Amino acid sequence: MRHIEPHKARRARLLALMQDGIAVVPTAPERLRSRDSDYPYRFDSYFYYLTGFPEPEAVLVLLAGETPRSILFCREKSLERELWDGYRFGVDAAREAFGFDEAHPISGIDEKLPQLIANRPALFFAPGMDPAWDSRVMGWLNQVRAQARTGVVAPADIRDVRSILDELRLVKDPHEIAAMRRAGTVTAGAHLRAMRATRPGAMEYEIEAELLHEFRRHGSQFPAYWPIVASGPNACVLHYRENDRQMHEGDLLLIDAGCEIDGYAADVTRTFPVSGRFAGPQRDVYEIVLAAQAAAAAEVKPGARWDAPHEAAVRITAQGLVDLGLCSGTTDAVIESGDYKRFYMHRTGHWLGLDVHDAGDYKQAGEWRPLVQGMTLTVEPGCYIRPAENVPERFWNIGVRIEDDALVTETGCELLTAAAPKRVDDIEALMRDAR
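Structure follows, in structure tokens:
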């Protein structure tokens, strides 16, 4: 069932902030993968946020003012093209199905846009996102400016529509939260399946296949990003993607994988032993990261500053590194000097939504922004210990990250992906039962 009311409400919120301006928001183009083979199509997130329309070659135009209008430009109906490429809505069906005031063929946009832009005080679009669109919009503006002697006025104010949409996208509506809950549930199930399937001697890509199979069989259209299945030393490579190593007894396996459902992403990381049991040093490091994640999640609540979860995770991690003898000095000294960054070099989270690293600023007026109910973010501390002369060999190649997706609630946060086990006893029991 198609839900059009959330998209109409989002368009209405944007229109209310535009005064008498006009906004032009194109979707993403199709991308060639090789010769005449395209990548699977994925719409532009800003466009989809406002429209829910999934087809390429489409542009949303919003006209603000006393009588606001939403106009879609899209492909015309073509039974011949549908024979080759599949169903397309066409102009009339798209207008009706997605709740637009008007719809027109995309082939006529260069004729109509100068007329729509004329005499508008402000033009909202996304300069710099696509050079081809920059050129096209400038062409429309120049056509309007060429009519100046007839009294026609071009917009004097050119604004980046993303600055408004980024703020709107930060707080999720119930429709978005429902999609993210579903993506989180499916992703957690995929991580469970991966744990059950892992054995010494298996290849990383075999586990990758288990993840992708679980995503798709539950209706996910795409992975939100290509899975990281990193065993042994690969777990210490933050963006490892080859997934082609054979796993061995004694390895840890770090899996960072999430699915996308109706455009919304999950982003989850679990780390567990290939053998099914944590060795002593592995468990010591793992428990530090687990405690850091719990401390960070406790700081995800309305009114807390964006950096509060990170600061909590850093303190627990630094103390743990001191306790293990990997860093020297007091916890405060290790934090002040940044010595902990040898082993924990990234932030503890990011916004999550239509994009894995979702839209929205992290600071306002130079200060970390406060969290509010309805925001969604990841909580993902880690510890990565590569071989080095000043690191005891028993810790070499231990890479641990634990990541969940958090929804800010009225009093704290809900972890949307908590169904994927992360306590040591739970992981070991699950893997023992799967043998």
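The opening position of the sequence shown corresponds to residue 269 in the numbering used here, with each subsequent residue numbered one higher. Quick reminder that beta carbons are idealized off the backbone N, C-alpha and C, glycines included. Quick caveat, the model's predicted, so the values are computed rather than measured.
{"Check": "Residue-chain proximity (Pro274, chain D), Cβ-Cβ < 8 Å", "Outcome": "Given the protein chain composition of this structure (a single chain), no chain D is represented."}
{"Check": "Uninterrupted alpha helix (DSSP H) stretches inside the region 304-369 (no shorter than 4 residues)", "Outcome": "313-319, 347-353, 359-366"}
{"Check": "Span of the alpha helix (DSSP H), counted from its first residue to its last, around Pro382", "Outcome": "377-385"}
{"Check": "Ile584 to Gln287 span [Cα, whole Å]", "Outcome": "48 Å"}
{"Check": "C-alpha distance - Arg337 paired with Gln383, whole-angstrom precision", "Outcome": "14 Å"}
{"Check": "contact_flag[the region 272-279, the region 361-376] where n(CB pairs < 8 Å) is 3 or more", "Outcome": "yes"}
{"Check": "Backbone CA spacing between Val329 and Pro442 [nearest angstrom]", "Outcome": "25 Å"}
{"Check": "Alpha-carbon to alpha-carbon, Val359 and Glu348", "Outcome": "16 Å"}
{"Check": "Bounding residues of the beta strand (DSSP E) (the contiguous stretch that carries Gly634)", "Outcome": "Gly634 -> no beta strand (DSSP E), and no H or E assigned at all."}
{"Check": "Cβ-based burial, His507 [other Cβ within 10 Å; buried from 16]", "Outcome": "exposed"}
{"Check": "Minimum C-alpha distance to Ala563 - residue among Gly500, Gly680, His481, Asp701", "Outcome": "Gly680"}
{"Check": "Assigned exposure category for Ser302 - 16 Cβ within 10 Å defines buried", "Outcome": "exposed"}
{"Check": "C-alpha distance - Glu648 paired with Trp494, whole-angstrom precision", "Outcome": "18 Å"}
{"Check": "Three-state class that DSSP yields for Tyr493 in the structure shown", "Outcome": "coil"}
{"Check": "Residue from Asn387, Thr418, Asp402, Glu298 whose Cα sits closest to the Cα of Ala424", "Outcome": "Asn387"}
{"Check": "Backbone CA spacing between Tyr307 and Gly548 [nearest angstrom]", "Outcome": "45 Å"}
{"Check": "Cβ neighbours of Trp619 in the same chain (closer than 6 Å, five flanking residues each side left out)", "Outcome": "Asp626, Gly628, Leu645"}
{"Check": "Cys595, DSSP secondary structure in three states", "Outcome": "coil"}
{"Check": "Ala284 versus Arg513 - alpha carbon distance", "Outcome": "54 Å"}
{"Check": "Extent of the continuous alpha helix (DSSP H) to which Glu528 belongs", "Outcome": "Here Glu528 belongs to no alpha helix (DSSP H); instead the beta strand (DSSP E) covers 527-529."}
{"Check": "Candidates Gln561, Arg404, Arg430, of which the one nearest Tyr314 by Cα", "Outcome": "Arg430"}
{"Check": "Check: Ala560 C-beta below 7 Å from any heavy atom of the ligand MN", "Outcome": "Ligands in the displayed structure: none, and consequently the ligand MN is not present."}
{"Check": "Close beta carbons around Ala580, own chain, < 6 Å, minus the five adjacent residues each side", "Outcome": "Ala563, Ala564, Glu567"}
{"Check": "Close beta carbons around Ala291, own chain, < 6 Å, minus the five adjacent residues each side", "Outcome": "Leu330, Phe392, Val429"}
{"Check": "Length of the line joining the Cα atoms of Phe611 and Gly518", "Outcome": "20 Å"}
{"Check": "Assigned secondary structure, Pro297 (DSSP; H/G/I helix, E/B strand, else coil)", "Outcome": "coil"}
{"Check": "Assigned secondary structure, Asp398 (DSSP; H/G/I helix, E/B strand, else coil)", "Outcome": "coil"}
{"Check": "Beta bridge counterpart(s) of Cys651 as assigned by DSSP", "Outcome": "Val668"}
{"Check": "Exposed unless 16 or more other CB atoms sit within 10 angstroms - verdict on Lys569", "Outcome": "buried"}
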